[in-house]
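At position 136 of the sequence shown (counting the first as 1) the number is 627 in my numbering, and the numbers step up by one without a gap. From the three backbone atoms N, C-alpha and C, an ideal C-beta is built for every residue, glycine too. The model shown is predicted, which means the values in this text are computed figures rather than measured ones. Report on one structure; see the data block that follows.
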Amino acid sequence: EAREAARAARAREAGARDAAQRERAAQDRAAQERAARDLREADRAAERARASLEDARERAREAATTTRPTRSAPVAGTVQRDFGEGGANGQTWSASPGARVVSPCGGRVVFAGPFRSYGRMLIVDCGGGYHFVLAGLDRLDAEPGQRVLAGEAVGTLGNPGGSGGGRASLYLELRRAGQPVDPGNWTSRG
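What follows is the structure, encoded as structure tokens:
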């Protein structure tokens, strides 16, 4: 009887140990499942934060490269022919030979070089679908891929040739989504 009682006691202890181990295992599994759920939720939150940060960065890049009207002239001169006059898609400025030409907007230079009969030409991506075209330059001080600020020197006008102190010409065109728009909202008329 004593042996039987001892065996029963050991069986109860073993059963209690097994039950305790099963309980600990169940608690461990539940804790692991909670940790996995928390990790998945943290991953989703981190992904939302990354997406939000990227959106904010994109808006900041757009704001940094999209400058609004400077109301300054691209060259020290006067408008010889304005947007819309005789179907003109831009402005023609008259200035002294060698005059410094500045970017009418902050942005990235997407083209800089000779172009057909326009002399040296520069195209600045101002952001927001806007591009400024400046043509008739003699010297370029900017190159493709370069970031420029509104009012930053990007080149000079040449000498129109001939005698009698001729004036040099700068052609300025503003395009939005590929269509010419009046640059007068961005620049003064000289």
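Original post:
Hey, Ser660 and Thr583: beta-carbon distance below 8 Å or not?
Top reply: It is a contact, given that the beta carbons lie within the stated cut-off.
Subject >> Neighbourhood of Arg599 by C-beta distance below 6 Å, restricted to the same chain and skipping five residues each side >> reply: Only Asp616, Arg638 meet the Cβ criterion.
Subject >> Sequence ranges, beta strand (DSSP E) only - wholly within the region 553 to 611, length at least 3 >> reply: Segments of the beta strand (DSSP E) lying fully in the region 553 to 611: 568 to 572, 582 to 586, 591 to 593, 598 to 605.
Subject >> Which of helix, strand or coil DSSP assigns to Gln518 >> reply: Gln518: helix per DSSP, three-state reduction.
Original post:
So, do the region 668 to 678 and the region 625 to 639 have three or more beta carbon pairs nearer to each other than 8 Å?
Top reply: The region 668 to 678 is not in contact with the region 625 to 639.
Subject >> Supposed contact pair Val592 and Leu628 - C-beta distance, whole angstroms, cut 8 Å >> reply: The pair is a contact, with the Cβ atoms about 6 Å apart (cut-off 8 Å).
Subject >> Bridge partners - Arg678, DSSP secondary structure assignment >> reply: The sequence as given places Thr at residue 678; Arg does not occur at that position. In DSSP, Thr678 forms no bridge with anything.
Original post:
Name the DSSP bridge partner or partners of Ala644?
Top reply: Answer by DSSP bridge pairing, in chain order: Val593.
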